[in-house]
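Peer 1: Sending over a structure as structure tokens; questions will come in a sec.
The following block contains the structure:
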């Protein structure tokens, strides 16, 4: 398909009074406007959102390995989505899905924080081990729910989709489900950007420099759960975006959140759009799951950082 | 003399025990108070309570006539600077960025840095002798350099009260003396300084007053010669102390264990 045709369709849709639609064929219009465009937008929202959530959690746990996947927040959000599916709530209300995913993410984040953090310090090992154990538990419950609903194949198929993460069949509805939450939470994260900088130096230091530590921590937990939940509500468990992107962005713009958060949003959006393009085109006509592609990039990267951090601590 | 910061019947209960109890002490303007005492006697906790960082269990902390709880965290941060003992510096901020964080409480969330902010940062970098490190990432610095960066940050706040938790513990002799001399000159300019330290000789030499802590209680507070008596030191640290005079007439303390010990050199010969 020609890029000029794509531009023509987009132009005609966005500016119907200026650009003539008559010459566009129905099939092109459907493919570009109803299939491709929402998919790219959802990819951008999910990628940008997960990258920002990753940056927030890394600042919050003062730990560069924190991410929705490693701390079990992703699994919490997926479980929330699963419950909504298996109880049939999803069919009744569009908003139930992101809210359930948000609550799942919030509860798992609070649990990991309560278990792994002592006196404001979260050791790497505790964070990762707690995350792994909680993830395993939540995934087990998700699988159980799946087994129980497998008789209803339509619902079960939807649930399998959520567990592996992907962007196929995303529509404008999905854009509207996640866009308000992700954008609102992103704006809220910018409000807390400089408090996050100070929190990275330790809670005592942050407090002594003027940060209201407890209320800021609560806000950051809610914001990261909101972003993770609404991103996972539309794309399923897409892992490692929040780990890879902020890390690479930090190399270019430094650790200060005022530049880190917006840059991560842009870079995360680009990363997931590219990963989704690969997922769609590597092995036509079949699609590879998006979660598989991001994990293929992210997991080795995660191991690389882990080994480097481990060596640093033991030299 | 009007006191700047004071604790009134302060009590702190954490982890099933009283860390500080019935603690009343004043910080006077233009003076250095050295807080000394054995490990775990509550020196660091006292500084955190004074800075309003830890909530108190009992009593109150009064800053210039007002209870710390009545004023916002930002107002406290503008008036009282705190330098922690172990800096947590794991992300690659530059030295200048770290020092500039001392100015955060002085402006609103989205306000830009003013020339006043920039001047304060430059001055702080120069006074703490870290200007030559300004663009380096803090993660690449030595322990002593990091310590001086934190002192620079506390200077950048231009606060009237400075609370330093063992600022000289990771410094070499030269920089340790520099930091104490810097504290002296800050106090001479009218600021109020409190230092928790294990360096009893340094405390004698640079501090106006010494507070001796033992198990969360105040054994004594006053001029060094009144407080650091051999009886008090024996009580708090379980050591014998002896005054040694140098050629210029200044005295230094030398410490001996209570139980006589055989020196290693003698033990090797046996």
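Residue numbers (this note's numbering), protein chains in the order written: chain A, 253 to 567; chain B, 3 to 272. Think of the CB as a built atom: it goes at the ideal place given N, C-alpha and C, for glycine as much as any other residue.
Could you tell me the alpha carbon to alpha carbon distance between residue 79(B) and residue 119(B), rounded to whole angstroms?
Peer 2: Within the second chain, the letter at position 77 stands for residue 79(B). Within the second chain, the letter at position 117 stands for residue 119(B). Using only the alpha carbons, I get a separation of about 15 Å.
Peer 1: I need the straight-line Cα distance from residue 48(B) to residue 22(B), nearest angstrom please.
Peer 2: By one-based count along the second chain, residue 48(B) stands at place 46. By one-based count along the second chain, residue 22(B) stands at place 20. Each residue's alpha carbon lies about 7 Å from the other.
Peer 1: Run down chain A in chain order and give the residues with a C-beta less than 7 Å from the C-beta of residue 55(B).
Peer 2: Along the second chain, one-based indexing puts residue 55(B) at 53. By Cβ distance, chain A contributes 456, 459, 460.
Peer 1: Excluding the 5 residues flanking residue 202(B) on each side, which residues of the same chain have their C-beta closer than 7 Å to its C-beta?
Peer 2: As a position in the second chain, residue 202(B) is number 200, starting the count at 1. Correct list, in chain order: 38, 230, 255.
Peer 1: In this structure, how does DSSP classify residue 180(B) when only helix, strand and coil are distinguished?
Peer 2: Position 178 of the second chain holds residue 180(B). Of the three classes helix, strand and coil, the one that applies to residue 180(B) here is helix, per DSSP.
Peer 1: With 8 Å set as the bound, which would you pick, yes or no: does the beta-carbon of residue 52(B) sit closer than that to a beta-carbon of chain A?
Peer 2: Here the question's residue 52(B) lines up with position 50 in the second chain. Residue 52(B) does not count as touching chain A.
Peer 1: Got a sec: is the Cβ-Cβ distance from residue 91(B) to anything in chain A below 8 Å?
Peer 2: By one-based count along the second chain, residue 91(B) stands at place 89. Yes, its Cβ sits closer than 8 Å to a Cβ of chain A.
Peer 1: Is it right to say residue 567(A) is buried, meaning 16 or more other beta carbons lie within 10 angstroms of its own, or is it exposed?
Peer 2: As a position in the first chain, residue 567(A) is number 315, starting the count at 1. Residue confidence is low: residue 567(A) scores 48 on pLDDT, short of 50, so the model does not pin down where it sits. No coordinate-derived value is stated.
Peer 1: Run the CB neighbour count on residue 374(A), radius 10 Å, all protein chains shown included, and call it buried at 16 or more, exposed below.
Peer 2: Stepping through the first chain from its first residue, residue 374(A) is reached at position 122. By the 10 Å Cβ count, residue 374(A) comes out buried.
Peer 1: State the Cα-Cα distance for the pair residue 292(A) and residue 300(A), rounded to the nearest angstrom.
Peer 2: What you label residue 292(A) is simply residue 40 of the first chain in a count that begins at 1. What you label residue 300(A) is simply residue 48 of the first chain in a count that begins at 1. Looking at the two C-alpha atoms, the distance is approximately 12 Å.
Peer 1: I'd like to know if the segment 50–67 of chain B and the segment 91–99 of chain B are in contact, where contact means that at least 3 CB-CB pairs between them fall below 8 Å.
Peer 2: Segments in contact, no.
Peer 1: Any C-beta of chain A within less than 9 Å: which residues of the segment 70–81 of chain B qualify?
Peer 2: Those residues of the segment 70–81 of chain B that come within reach of chain A (Cβ to Cβ, closer than 9 Å) are 74, 75, 76, 77, 78, 79, 80.
Peer 1: Distance, Cα to Cα, residue 77(B) vs residue 474(A)?
Peer 2: For this step, residue 77(B) is matched to residue 75 along the second chain. For this step, residue 474(A) is matched to residue 222 along the first chain. Distance between the alpha carbons of residue 77(B) and residue 474(A): 27 Å.
Peer 1: Residue 86(B) touches chain A at which residues, Cβ-Cβ below 8 Å?
Peer 2: If you number the second chain from 1, residue 86(B) lands on position 84. Chain A residues near residue 86(B): 454, 456, 457, 460.
Peer 1: So for residue 504(A), helix, strand or coil by DSSP?
Peer 2: Taking the first residue of the first chain as 1, we reach residue 504(A) at position 252. Residue 504(A): helix per DSSP, three-state reduction.
Peer 1: Against chain B, with Cβ distances strictly below 8 Å, would residue 441(A) count as a contact?
Peer 2: Within the first chain, the letter at position 189 stands for residue 441(A). Chain B, which has no Cβ nearer than 8 Å to the Cβ of residue 441(A), makes this no.
Peer 1: If we ignore side chains and look at the alpha-carbon of each, how far apart do residue 322(A) and residue 125(B) end up?
Peer 2: On the first chain, position 70 is the one that residue 322(A) refers to. On the second chain, position 123 is the one that residue 125(B) refers to. Near 43 Å, if we compare the C-alpha coordinates of residue 125(B) and residue 322(A).
Peer 1: Out of 89(B), 166(B), 24(B), 259(B), which has the shortest C-alpha to C-alpha gap to residue 145(B)?
Peer 2: For this step, residue 145(B) is matched to residue 143 along the second chain. When each option's Cα is compared against that of residue 145(B), the closest is 89(B).
Peer 1: Classify residue 507(A) as buried or exposed, calling it buried when 16 or more other Cβ atoms lie within 10 Å of its own Cβ.
Peer 2: Reading the first chain from its first residue, position 255 is the one you call residue 507(A). When all chains shown are included, residue 507(A) counts as buried.
Peer 1: In angstroms with no decimal places, state the Cα-to-Cα distance between residue 269(A) and residue 503(A).
Peer 2: Numbered from its first residue, the first chain carries residue 269(A) at position 17. Numbered from its first residue, the first chain carries residue 503(A) at position 251. Rounded to whole angstroms, residue 269(A) to residue 503(A) spans 45 Å at the Cα level.
Peer 1: Identify which residue in 469(A), 434(A), 298(A), 543(A) has its Cα closest to the Cα of residue 415(A).
Peer 2: Numbered from its first residue, the first chain carries residue 415(A) at position 163. Answer by Cα proximity: 543(A).
Peer 1: Residues of the segment 108–121 of chain B with a CB closer than 9 Å to any CB of chain A: list them in chain order, please.
Peer 2: Cβ contacts with chain A come from 108, 111, 112.
Peer 1: When Cβ atoms are compared, which residues of the segment 156–180 of chain B fall closer than 7 Å to chain A?
Peer 2: Flagged: no residues at all.
Peer 1: Kindly indicate which three-state DSSP category residue 219(B) falls into: helix, strand or coil?
Peer 2: Translated into the one-based positions of the second chain, residue 219(B) becomes position 217. Here residue 219(B) sits in strand by DSSP.
Peer 1: Beta-carbon within less than 7 Å of residue 182(B)'s beta-carbon, same chain only, minus the 5 sequence neighbours each way: which residues are those?
Peer 2: Mapped onto the second chain, residue 182(B) falls at position 180. Closer than 7 Å at Cβ, skipping near neighbours: 170, 204, 208.
Peer 1: Have a look at residue 498(A) and residue 260(B) and give me their C-alpha separation to the nearest angstrom.
Peer 2: Working through the first chain from its first residue, we reach residue 498(A) at position 246. Working through the second chain from its first residue, we reach residue 260(B) at position 258. Taking the straight line joining both Cα atoms gives about 57 Å.
Peer 1: Using a C-beta to C-beta distance shorter than 8 Å, which residues of chain B count as neighbours of residue 377(A)?
Peer 2: As a first step, residue 377(A) must be located in the first chain, where it is residue number 125. Those do not exist, as residue 377(A) stays about 15 Å from chain B at its closest Cβ, beyond 8 Å.
Peer 1: Does the beta-carbon of residue 466(A) have 16 or more other beta-carbons within 10 angstroms, so that it is buried, or is it exposed?
Peer 2: Locating residue 466(A) in the first chain gives position 214, counting from the first residue. It is exposed - the Cβ of residue 466(A) has fewer than 16 other Cβ atoms within 10 Å.
Peer 1: Taking DSSP as the reference, what is the three-state secondary structure of residue 281(A)?
Peer 2: In the first chain, the residue the question calls residue 281(A) occupies position 29. In the structure shown, residue 281(A) sits in a helix (DSSP, three-state: H, G or I).
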